[in-house]
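One line per chain: the protein sequences are A and B, in this order.
With this note's numbering, letter number 238 in the first sequence gets 309, and the count goes up by one each step, no holes.
With this note's numbering, letter number 200 in the second sequence gets 271, and the count goes up by one each step, no holes.
Ideal Cβ placement from N, Cα and C applies to all residues, glycine included.
Just so we're clear, the structure is a prediction, and the values are computed from it rather than from any experiment.
Just below is one structure, and these are the notes that go with it.
Protein chains: 2
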Amino acid sequence: MNYSFLLSIALILLFTKLFGLATAKVHLPQVVGALVAGILLGPGCFGILHESNFLTYTAEIGVILLMFIAGIDTDMNVLKKTGPAACLIATLGVFVPIFVCSGVYLLFFVKSFSYTALMKALFIGVVFAATSVSITVETLNEMGKLQTNVGATLLSAAIIDDIIGIVVLSVLSGLGDDTVNPYGVVAKIGLFFLFTFIVGLVVYRIFKMITIRHSHTRRLAVWALAFCFIMSYCAEKLFGVADITGAFFAGVILCNLTDMKQFVAKKLTVASYLFFTPVFFAGIGLKIKIESVGANLIFFTLCLIIAAVGSKIIGCGLAAKICKMSNSDSLKIGVGMIARGEVALMVAQKGILSGYIDPKILPSIVICVVFAALITPIILKWTYSGENK
Amino acid sequence: MNYSFLLSIALILLFTKLFGLATAKVHLPQVVGALVAGILLGPGCFGILHESNFLTYTAEIGVILLMFIAGIDTDMNVLKKTGPAACLIATLGVFVPIFVCSGVYLLFFVKSFSYTALMKALFIGVVFAATSVSITVETLNEMGKLQTNVGATLLSAAIIDDIIGIVVLSVLSGLGDDTVNPYGVVAKIGLFFLFTFIVGLVVYRIFKMITIRHSHTRRLAVWALAFCFIMSYCAEKLFGVADITGAFFAGVILCNLTDMKQFVAKKLTVASYLFFTPVFFAGIGLKIKIESVGANLIFFTLCLIIAAVGSKIIGCGLAAKICKMSNSDSLKIGVGMIARGEVALMVAQKGILSGYIDPKILPSIVICVVFAALITPIILKWTYSGENK
């Protein structure tokens with residue numbers, strides 16, 4: 072046995088946390104610090120750490136846990152309340168960025184149009200489909216504006232855009248292999264949702280029964296985690312759908328079990344922050360090789376940033392306007408949805424694994440995610456600056 | 072990426088918990104159930120799961136976590152109170168089983184005496200050195216006898232025998248490579264303890280400082296875990312000492328930080344039971360191949376059981392008698408120390424990794440551990456049966 076994996080994990084834990092705390096000090100999400108730690112430790116910079124089989128698998132479990140927890144944390148009541156407006160905002164907020172960011176990729180990297188080229192472009196688009204609302208929530212909370220109509224709508228829209236984003240990713244992952252029949256792929260995805268629905272009905276009842284007798288016991292968290300892994304595995308193996316889609320819907324299935332959801336989410340969050348998530352974020356950083364950055368890539372990155380930020384403001388703002396919100400509120404909604412985060416990185420990781428995203432472009436994606444996270448609070452505060460407190 | 076590791080983990084979580092709950096129903100430790108689950112799933116029985124790189128590394132982290140938590144849970148006050156008697160009981164309770172069980176191995180498997188043969192025999196002996204006191208504690212607690220002199224002495228002796236056992240294991244691991252100078256090995260082990268002492272002084276102060284400002288924050292658990300991994304790595308790489316020794320003493324260094332120890336132990340325990348420990352126990356089961364069992368091995372197993380059980384009763388009982396305890400109390404002490412558990416399995420795992428324990432003997436060891444766990448509560452209750460409640 073090569074014991075250096077212990078040192079790798081120790082360094083990852085130490086540095087992602089140190090840098091995470093540093094970024095938190097300047098009111099940025101800890102994710103940014105964790106990414107930077109990975110880049111610095113990795114072959115792109117000091118070269119202390121390298122990718123390994125163990126780290127890759129651990130990172131994958133990290134992603135699966137994050138999506139499962141996101142699923143289990145879904146609050147159906149909030150979704151119901153802000154319903155139609157949030158739906159439209161999420162939908163336009165997913166498809167406008169996909170369209171615009173894919174376009175930027177096509178402009179820069181594709182000379183002759185092909186199926187593979189389109190798939191590659193769409194993957195870049197989907198990376199920027201899902202909003203990460205945590206930064207917005209923090210900023211609004213700080214300003215005391217979270218309990219407003221804008222705040223509630225933003226929250227719901229962010230949840231729905233996760234779901235739409237992940238469905239689009241599933242379709243794309245399925246279509247990824249161009250030797251297969253696209254109708255067959257769509258049918259398989261349909262079957263996946265049917266499967267999830269039926270399994271959901273059964274598993275929901277089983278967990279409800281267990282919860283009545285043992286609402287806060289270890290076994291509940293263990294069962295839930297096993298269920299999450301089985302759904303992830305089935306999604307990939309039986310239906311050709313991304314494993315994180317399976318994990319997310321495994322969480323959604325359990326999200327109405329109010330007795331257990333908080334307990335299970337809490338326990339899984341401990342395992343997640345203590346071990347798996349740091350490895351995932353650092354793993355993204357490890358994939359980045361700085362030497363591959365040329366003038367063309369820098370210009371692409373700039374355009375991608377403008378596309379990713381602008382498309383969310385326009386897409387979501389327009390949708391808000393259609394739902395008869397005021398100009399000022401529409402702008403706030405648009406700006407509030409700019410930030411990207413974990414889901415963007417997960418989709419990028421999936422894209423690299425499936426060969427549709429060139430690892431050379433990863434630095435652009437990461438810079439774009441970090442930049443969007445940086446400016447969201449700044450612009451958001453500015454949109455509120457005209458108002459009286 | 073091969074997604075079957077998700078299914079492996081899911082099956083391990085599901086079945087170790089199911090069988091663990093079943094054994095808990097009949098008042099046996101869940102470890103027994105988890106072992107059985109591993110044997111059933113593994114190549115020895117249904118052959119659904121096989122060892123893999125990822126599972127081996129995960130299992131190793133499981134062991135390291137268990138030892139770190141054991142270290143951090145060490146209660147120095149109890150140790151001080153029951154001092155000398157517990158020390159003698161632990162010492163004889165370690166060396167008599169090493170002597171007797173090694174002897175049994177030599178009788179059965181060694182025709183001509185050699186350095187390697189002696190090392191192999193001693194490894195089998197060390198497997199049965201450390202007591203697992205949890206079963207005894209549960210039994211005494213159930214009978215309302217835990218808060219007695221016998222109960223407190225048993226608890227201390229079990230902690231001390233972990234420490235002695237792990238030091239002996241370190242010496243043995245160091246001596247394992249017969250090409251190196253034995254004096255050099257002993258010097259290295261001395262250096263390890265010096266290193267642990269100096270690092271301990273520094274790290275203890277650092278943690279004390281952090282704890283004052285942030286006593287219950289995530290970072291504390293993350294730092295502690297990183298420290299545990301670094302100590303495990305240094306033990307192996309710099310000093311040729313077993314990684315679990317490093318983990319255990321990393322825990323001992325932090326065990327006096329009363330503010331943080333419970334918090335950190337709680338968080339690590341969650342990660343441990345939710346993911347890592349089940350993989351460790353199931354992994355032991357996966358290593359067992361039933362087809363390799365012959366008449367000689369069965370007879371060896373029987374003798375090993377008698378040696379493992381008898382040597383603890385005699386060694387610890389004698390020590391108690393020397394410390395002027397009554398005949399009846401001495402017997403109780405001896406019987407209370409019979410049970411083996413996690414540490415025995417860890418040493419066995421180490422022995423297999425280093426090539427000193429033949430995987431063919433693993434079934435005998437596991438059966439012996441399970442058997443000792445089974446009979447401890449039965450004999451212990453019998454030793455109390457003559458008394459008035």
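Query	Result
By the 10 Å Cβ neighbour count, where 16 or more other Cβ atoms means buried, how is GLU458(A) classified, buried or exposed?	exposed
Check whether chain B comes within 9 Å of MET417(A), counting only Cβ atoms and requiring the distance to be less than that.	no
Taking 9 Å as the threshold (beta carbon to beta carbon), is THR132(B) in contact with chain A?	Looking at the sequence provided, one finds Ile at residue 132(B) rather than Thr. Interface residue, yes.
Helix, strand or coil: which one does DSSP assign to LYS460(A)?	Only weak support is given to the placement of LYS460(A): the predicted model assigns it a pLDDT of 48, under 50, and the value that follows is read from those uncertain coordinates. LYS460(A) falls in the coil class under three-state DSSP.
Does any residue of chain A have a CB that is nearer than 9 Å to the CB of MET72(B)?	yes
Taking Cβ positions only, does LEU84(A) come closer than 9 Å to chain B?	yes
For a test of the three-state rule: what should DSSP assign to ILE235(B), helix, strand or coil?	helix
Using three-state DSSP, classify CYS374(B) as helix, strand or coil.	helix
Taking only beta-carbon atoms, is LYS460(A) less than 9 Å away from chain B?	With a pLDDT of 48 at LYS460(A), under the threshold of 50, the predicted position of this residue should be treated as unreliable, and no value is reported.
Please decide whether GLU307(A) counts as near chain B, where near means a Cβ-Cβ distance under 9 Å.	yes
Once you ignore the five residues that flank ALA228(B) on each side, which residues in its own chain have a CB closer than 6 Å to its CB?	ALA157, ILE160 and ALA161
Contact check, ILE245(A) vs LYS259(A) under 8 Å by CB: the rounded distance?	Reading off the sequence, residue 245(A) comes out as Gly, not Ile. Contact holds; Cβ gap of about 6 Å.
When the distance is taken between beta carbons, is MET302(B) closer than 9 Å to GLY317(B)?	yes
For ILE80(A), return the contacting residues in chain B, with the cut-off set at a CB-CB distance below 7 Å.	PHE300
Taking Cβ to Cβ, would you say ILE230(A) is nearer than 9 Å to LEU150(A)?	yes
Give a yes or no on whether the C-beta atoms belonging to ALA521(A) and PHE298(B) are separated by under 9 Å.	There is simply no residue 521(A) to check, as chain A begins at 72 and stops at 460 in what is shown.
By the 7 Å beta-carbon criterion, what residues does the stretch 336-348 of chain B contribute toward chain A?	LYS338, VAL341, ALA342, TYR344, LEU345 and PHE346
At a Cβ threshold of 9 Å, is ARG289(B) touching chain A?	yes
Please specify which runs of the beta strand (DSSP E), each continuous and at least 3 residues long, are wholly inside the stretch 85-153 of chain B, giving them in chain order.	none
Quick one: give me the first and last residue of the alpha helix (DSSP H) that ASP400(B) is part of.	398-407
Contact defined as beta carbons within less than 8 Å: I believe THR207(A) pairs with LEU451(A). What is the distance between those atoms, to the nearest angstrom?	6 Å
Is ASN358(B) close to chain A? Criterion is C-beta to C-beta, closer than 9 Å.	First, the amino acid is wrong: residue 358(B) is Lys here, not Asn. Output row for LYS358(B): interface = no.
Just to confirm my understanding: we take TYR344(B), look at its own chain, exclude 5 residues before and 5 after, and list those with CB closer than 6 Å. What are they?	none
Would DSSP call TYR74(A) helix, strand or coil?	coil
For a contact defined as C-beta to C-beta under 7 Å, what are the partners of ALA297(B) on chain A?	ALA81, LEU84 and LEU85
Against chain B, with Cβ distances strictly below 9 Å, would THR454(A) count as a contact?	no
With distance defined between alpha-carbon atoms, name the residue in ALA95(A), PHE90(A) and GLY109(A) nearest to PHE351(A).	GLY109(A)
Buried or exposed: where does LYS88(A) fall if 16 or more other Cβ atoms within 10 Å of its Cβ makes it buried?	buried
For VAL181(B), does the three-state DSSP call read helix, strand or coil?	coil
Measuring only the C-alpha atoms, how far is ILE385(A) from ALA391(A)?	10 Å
Would you mind telling me which residues of chain A sit closer than 8 Å to SER286(B), beta carbon to beta carbon, in chain order?	Those within 8 Å of SER286(B) in chain A number zero; the least Cβ separation is about 16 Å.
Does the distance from the CB of ILE132(B) to the CB of VAL323(B) come in under 9 Å?	no
Consider the Cβ of ALA157(B): report whether some Cβ of chain A lies at a distance smaller than 9 Å.	no
So is LEU375(B) buried or exposed if we call it buried at 16+ other beta carbons inside 10 Å?	buried
Output the distance between the C-alpha atoms of LEU296(A) and LEU77(B), rounded to the nearest integer angstrom.	11 Å
Which full runs of the alpha helix (DSSP H) of 4+ residues lie inside the stretch 417-457 of chain B, going along the chain?	433-455
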